[in-house]
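In terms of the working numbering, the sequence shown is residues 66 to 539. Just so you know, even glycine gets a beta-carbon here, dropped at the ideal spot from N, CA and C. All values derive from a computational prediction rather than experimental measurement.
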Amino acid sequence: MPCVFLHALHRRMPIIDTMFSLHKKRLPRILLLLSMIALPLLTLTQAENRHLIPEENRQELSDFYRYLRTRYGKAPEERRSETPQPSVPSIEKPRAGITEQKQEAEPRAKEPTPETSPSDLKRRSAEKPAEKRPDELKQNYSDRKPAERKQVLKKNTSEKPREDRTSQEKPEDEIELVAMSDTVELPEPRNNRSFAKAAPSFYRGLYINNALVRGKGFANFLKTADNHGINVLVIDIQPHMPPAEALKLAEDMGFYLVARVVVFDAGLKTYPAPKGHIERIVNRAEEGAKAGFAEIQLDYIRFADNLRVKGLTVQKRYDYISSVLSQFERRLRPYKVRIGADIFGRIAFNRDDIIGQKLELFDRHMDVIYPMLYPSHFYGDPIRRRKPYHTIFDGTLGSRKRVRNARIVPYIQAFGMRVGESGLSVENYIRAQLDAAQDSGGAGYVAWNARNDYSVFFRAIRSGRFMPAVKTKR
């Protein structure tokens, strides 16, 4: 059996043929293992005769030969003698850049001449390190993370030269590796919107329905509201536009007028919205801007709670609501009016919601956001219903932390729904909410009573503070 291997080595028979012949003779498996060992020995024998190999292929085989010597325990000094070549540092011109095309073989360094001594070459080599080969640079690039790779493109000849450029800067057509930070700080949002009318620094507002603003008692109501420090009126402009005389009277008394526009009554129940519906609502909002309102407030700009449409994901709902908000912006911005929107109270406490409302989304489009933080409307949270102060405080403060552009003005509850759960009177229930709106650092409040019965609310204002004072940074 050893003769089989000797015969193979002597004739330099390919090892795979040897293995195949051994297998045909059904020799023990140990011989197959020995044949595996014979492969490097055979290759090593061929490597010993590398002086017979053409010169252009000798370098590659020499590298493999050194690997075999290291792998199988033979010291490098045991190699067969070769004619030593003097090691002379190469002098190369700097390349402008690295391309994907194959680089041509670089010429060998010339022998030192009387004009260029070895000491001069050594000094130049120390001043400028030898340039790496393209294959080595490729390896270095692959070891780096993609985020750390930066390619500087060639400079456009049409551009003017930079005045602050120094002679030490590298040409812009070179590839540089720059360590980049894992986190990128986003620039602060720019709010270049201009408005025709100034808004109060702190909203003290009331909701006014269409019937009251068109009724005979509106003038007396304005006097009462003014006596209690009210400075903002949120007025319905649907189904009818308020009389021009009523709006002029309110504006002359110093009230900041906000037009309330219902977009999708009780929420959008179909997807998409019925044809022409959004256009009609946008036209109505534009009429409010023309009528002299300083702000347009969009209500019910959401999907219905129980809407189930196959394939209508939460993200698609966000995208659709965002597109609707953009339509209002395009039509209303030329009038230099503020644009606000009402959102569900729970939106201030969650991050995603199937109704398509999200604080960060509305912040990109709106100037004012009105979270409807009525404590009685937190149906699944009895603690929110029993603690009106904490509900308004937490919702307003939490909303402020999530927005960059919009002002936060919460709607508060000026009606008696489920007030008994708190153990407070309606008056004190309202007083607690007023205190929270002040303490949370928001931009004010708007009181809501669908019937516009604000008698208890006015009494709560006259009673003053109900909760201990809390300081909050604005």
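- Taking all protein chains shown into account, Ser464 has 16 or more neighbouring C-beta atoms within 10 Å of its C-beta and is therefore buried.
- In summary, Ala354 is buried, with 16 or more beta-carbon neighbours lying within 10 Å of its beta-carbon over all protein chains present.
- For Asn274, the CB contacts under 6 Å within the same chain, skipping 5 residues up- and downstream, are Asp301, Asn517 in chain order.
- In terms of Cβ geometry, Gln362 and Ala324 form a close pair [threshold 9 Å].
- Between Phe443 and Arg449, the C-beta spacing is below 9 Å.
- Judged by beta-carbon spacing, Leu424 lies within the 9 Å limit of Ala413, meaning their Cβ atoms are closer than that value.
- In the three-state scheme derived from DSSP, where H, G and I count as helix and E and B as strand, Ile302 is classed as coil.
- Inter-segment contact for the segment 473–489 and the segment 428–438 is present: three or more beta-carbon pairs are separated by less than 8 Å.
- Inter-residue distance for Ser259 and Gly357 is about 16 Å (C-alpha atoms, whole angstroms).
- Within its own chain, the residues whose Cβ lies closer than 7 Å to the Cβ of Leu312, once the five positions on either side in sequence are excluded, are Leu322, Ala356, Gly357, listed in chain order.
- Looking at the backbone, the Cα of Arg349 and that of Ser505 are separated by about 34 Å.
- Bridge partners of Gln478 according to DSSP: Trp513.
- Within the DSSP secondary-structure output, Ile457 pairs in no beta bridge.
- With respect to Ile420, Val389 sits apart: the two C-beta atoms are not nearer than 9 Å.
- Residue pairing by DSSP puts Ile408 in a beta bridge opposite Pro436.
- Within its own chain, the residues whose Cβ lies closer than 7 Å to the Cβ of Pro440, once the five positions on either side in sequence are excluded, are Arg449, Arg450, Pro453, Thr456, Gln478, listed in chain order.
- The residue from Leu377, Asp364, Arg467 with its alpha-carbon nearest to that of Asn415 is Arg467.
- For Ile273, the uninterrupted beta strand (DSSP E) run begins and ends at 268–273, by DSSP.
- In the DSSP assignment, Val491 falls within the alpha helix (DSSP H) that extends over 491–504.
- Contact between the segment 373–381 and the segment 396–413 is absent: fewer than three C-beta pairs spanning the two stretches fall below 8 Å.
- In this structure, the alpha-carbon of Ile404 lies about 20 Å from that of Leu438.
- One thing to note: Tyr268 has its Cβ no nearer than 9 Å to the Cβ of Ala525.
- Following the DSSP letters along the chain, one finds Tyr321 in no alpha helix (DSSP H) but inside the beta strand (DSSP E) bounded by residues 321–327.
- With contacts defined as CB atoms closer than 9 Å, Ala309 and Gly332 fail to qualify as a contacting pair.
- Secondary structure note for Leu397: its alpha helix (DSSP H) is the uninterrupted segment 379–397.
- Annotation: Arg345 to Gly488 spans about 45 Å, alpha carbon to alpha carbon.
- For Val297, the secondary structure class from DSSP, reduced to helix, strand or coil, is strand.
- Taking a C-beta distance under 9 Å as the contact criterion, Gly319 and Asp291 qualify as a contact pair.
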